[in-house]
Amino acid sequence: MADGIRALLRQTFLTAYPDLKKSLTRRLGSEDAASDVLHDAYLRVECAGEIGAIQNPRGYLFRVAMNTVVDRQRAERARPSASDIAELLNVEDDTPDASRIASSRQGMQALAAALAELPDRCQAIFRAAWVEELTPKELSERFELSDRSIRLELRKAREHCIARIKKKI
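The number in my numbering is simply the position in the sequence shown, starting from 1, with 2 added.
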C-alpha cells in the first residue's frame with residue numbers, strides 16, 4: 003500500500019509541478035527559491051517513512067513544500083548574519099603582546115626582588131595572604147599572631163613592595 007501511495011505522490015508531483023512552482027513563486031518571490039523548495043519537498047516525500055492514506059495528494063505535496071519553507075526560514079534565523087560575523091571578527095584580541103608580557107615579567111621580577119628584601123616572617127605572611135588567599139584570621143592562627151599584628155605585617159609588606167616596584171619600573 004505504501005508503494006502505491008508513494009507512486010501516486012510521484013505522479014502527482016510530476017503533473018502538478020508547474021502549478022506548485024507557480025504558487026510557491028508567488029509566496030516566496032523567487033522562482034529559484036520555489037524550485038529549491040520543491041526539490042527538497044520531493045526528497046522529503048521520497049525519504050519519508052511510512053505514509054498513511056492521503057485524501058488530496060496535491061494538497062499534501064503543497065503542505066510538505068510549505069513545511070520545507072518554514073524549516074528553511076528557521077534555519078536562516080538560526081544562522082548568524084553578515085553583521086554578526088563581522089562583529090565577531092572585530093572582537094578585540096586581549097591576548098598580551100610581547101611588550102605586555104615583558105612588562106609583566108619585569109613587574110613580577112621587581113615584586114620578587116622587593117619581597118626578598120623583607121624579613122622571612124613578613125614574606126611568609128604576605129605569600130600566605132596573596133598566594134594561598136588566607137584570611138587575616140587564618141593567618142593569625144597559622145603564625146600565632148594577633149589580627150592587628152597580621153594587618154601591620156601585611157601593610158608593611160605592601161607598602162615596601164609598592165615603593166620598590168615604583169622605583170624599578
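Note that beta-carbon positions come from the ideal geometry of N, C-alpha and C, so glycine has one too.
{"Asked": "Bounding residues of the alpha helix (DSSP H) (the contiguous stretch that carries residue 58)", "Found": "Careful: residue 58 lies outside any alpha helix (DSSP H) and carries neither H nor E."}
{"Asked": "Alpha helix (DSSP H) runs wholly inside the segment 96–149, at least 4 long, in chain order", "Found": "100–118, 122–132 and 138–145"}
{"Asked": "Outcome for residue 14 when other beta-carbon atoms lying within 10 angstroms are tallied against a minimum of 16", "Found": "buried"}
{"Asked": "Integer Cβ distance of residue 40 from residue 11, believed to fall under 8 Å", "Found": "Residue 40 to residue 11, Cβ: 13 Å. No contact."}
{"Asked": "Any 3 or more C-beta pairs closer than 8 Å across the segment 161–170 and the segment 104–119", "Found": "yes"}
{"Asked": "Spatially closest choice to residue 1 from 9, 160 and 75, by CA coordinates", "Found": "Examination of residue 1 is not possible in this model, given that the chain is present from 3 through 171 alone."}
{"Asked": "Among 51, 120 and 90, the one whose alpha carbon lies nearest that of residue 161", "Found": "120"}
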